[in-house]
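Q: I am attaching a structure below and will ask some questions about it afterwards.
In the UniProt record's numbering, the protein residues as written are 1 to 296.
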């Protein structure tokens, strides 16, 4: 390309230089050969020379503007070529950045998909461990996962439970519901006897149904311990373990909170592991004693 050549390498430069020079020489020869010229000394000689060779000298003077025009044109073409090269390089850079961005997005999408299914897999493994440890059986695991991690999808994975659009997570809502019901009942007159303790334990029924029961999908978890009524998961006490359902509920809730990186402390757990056990056992013992007396 001529844009990459220097000015002296251009043919048009030499045409602009040689053609006027050649025509000027031919005109000067013509004037010299066809005119009667005589030599005279003094300034008249210079004046006469300028008059006689006016046309050849004028043609010779055309060399400068023509060469200047060629040089200006060459500079403009070089500038335009540099702008074109710069634009092409910028376009190439943008294309490369777009490819890198697309590759990063694909990689990020693949990572999100992989992380999502890995997170779901770990969640199911946790449920498997809970089933083995607490003798329960989970149903509709996808529904339970969606309740705890509502914003999670193959495009977006969060390891923290709850949603950005909600002030509290699902598990925190369940804990708060349990504690509010407990303290609301306790504030009406306190705990006077074992029956009140049983009544306090029964306030967890709705919380249990909120965590383990869905009107759309049915029961999410079913106890499998002997003597446990699945339809009365929270309120049916076992003679040898009177708070079995509360224990299971609180333990599962604690493990799910740990998995979703949420607060694991439960205000009612210390109460349930203390006086509630003793009161419930005393209450069931008296019931059994009364039953034995009736049979005798």
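Glycine included, C-beta positions come from ideal geometry on N, C-alpha and C.
Grab me the residues of residue 255's own chain with a C-beta within less than 7 angstroms of its C-beta, minus the 5 sequence neighbours each way, in chain order.
A: Taken in chain order, the residues that qualify are 126, 130.
Q: On a Cα-Cα basis, can you pick out the residue from 99, 12, 88, 96 that is closest to residue 68?
A: Ranking the options by Cα distance to residue 68, first place goes to 12.
Q: Going by C-alpha to C-alpha distance, which of 107, 58, 175 sits closest to residue 154?
A: The option with the nearest alpha carbon to residue 154 is 107.
Q: How would you write the range of the alpha helix (DSSP H) that residue 138 sits in, first residue to last?
A: Looking at the DSSP string, residue 138 is not in any alpha helix (DSSP H); the run it does join, the beta strand (DSSP E), is 136 to 138.
Q: Are the region 50 to 68 and the region 22 to 35 touching, with three or more C-beta to C-beta distances below 8 angstroms?
A: Short answer: they touch.
Q: Is there contact between the region 104 to 118 and the region 70 to 86, where contact requires at least three CB pairs shorter than 8 angstroms?
A: Touching, no.
Q: Could you check what DSSP says for residue 153 in three-state terms: helix, strand or coil?
A: In the structure shown, residue 153 sits in a strand (DSSP, three-state: E or B).
Q: If I follow the unbroken alpha helix (DSSP H) through residue 18, where does it start and stop?
A: It spans 11 to 34 - the alpha helix (DSSP H) in which residue 18 sits, taken as one unbroken run.
Q: Which residues in the same chain have their Cβ closer than 7 angstroms to the Cβ of residue 251, if we skip the five residues on either side of it in sequence?
A: The answer, listed in chain order, is 134.
Q: Please state whether DSSP places residue 53 in a helix, a strand or coil.
A: Residue 53: coil per DSSP, three-state reduction.
Q: Starting from residue 142, trace the alpha helix (DSSP H) in both directions and tell me its first and last residue.
A: Taken as a continuous stretch (DSSP letters only), the alpha helix (DSSP H) holding residue 142 covers 141 to 148.
Q: Would you identify the three-state DSSP class for residue 160, choosing helix, strand or coil?
A: Residue 160 falls in the coil class under three-state DSSP.
Q: Check each candidate in 94, 97, 6, 54 and name the one with the smallest Cα separation from residue 77.
A: If we check each option's Cα against that of residue 77, 6 comes out closest.
Q: Helix, strand or coil for residue 83? Go by DSSP, reduced to three states.
A: Here residue 83 sits in helix by DSSP.
Q: Just to check my reading of the structure: residue 149 and residue 260 have Cβ atoms closer than 8 angstroms, yes? What is that Cβ distance to the nearest angstrom?
A: The pair is a contact, with the Cβ atoms about 7 angstroms apart (cut-off 8 angstroms).
Q: Look at the Cβ atom of residue 35, then the Cβ atom of residue 16, and state whether they are nearer than 8 angstroms.
A: No; because the gap between Cβ atoms is not below 8 angstroms, this pair is not in contact.
Q: Please name the residue, chosen from 262, 145, 253, 157, that lies closest to residue 112 on a Cα-to-Cα basis.
A: Comparing Cα positions, the closest option is 157.
Q: Using the C-alpha atoms, what's the distance from residue 136 back to residue 215?
A: Here the model assigns residue 215 a pLDDT of 41, short of 50, so the residue's position is not dependable and the matter cannot be decided.
Q: In the structure shown, what three-state DSSP assignment does residue 165 receive?
A: Looking at residue 165 - three-state DSSP - the assignment turns out to be coil, as it is neither helix nor strand.
Q: What ranges does the beta strand (DSSP E) occupy inside the region 87 to 140, keeping only unbroken runs of at least 3 residues that lie completely in it?
A: Qualifying beta strand (DSSP E) stretches, in chain order: 136 to 138.
Q: Answer with buried or exposed for residue 160, where buried requires no fewer than 16 other C-beta atoms within 10 angstroms of its C-beta.
A: Flag for residue 160 reads exposed.
Q: May I ask you to report which of helix, strand or coil DSSP gives residue 252?
A: In the structure shown, residue 252 sits in a helix (DSSP, three-state: H, G or I).
Q: Could you compute how far the alpha carbon of residue 128 sits from the alpha carbon of residue 138?
A: Approximately 8 angstroms, taken between the alpha carbons.
Q: Thinking C-alpha only, which one of 262, 109, 97, 47 is nearest residue 175?
A: It is 262.
Q: Going by Cα to Cα distance, which pick from 121, 253, 105 is closest to residue 172?
A: It is 253.
Q: Among residues of its own chain, excluding the 5 on either side of residue 121, which ones have a beta-carbon nearer than 6 angstroms to its beta-carbon?
A: So no residue of the chain qualifies.
Q: Under a three-way DSSP split, which group does residue 62 fall into?
A: Coil, per DSSP.
Q: In this structure, how does DSSP classify residue 262 when only helix, strand and coil are distinguished?
A: In the structure shown, residue 262 sits in coil (DSSP, three-state: anything other than H, G, I, E or B).
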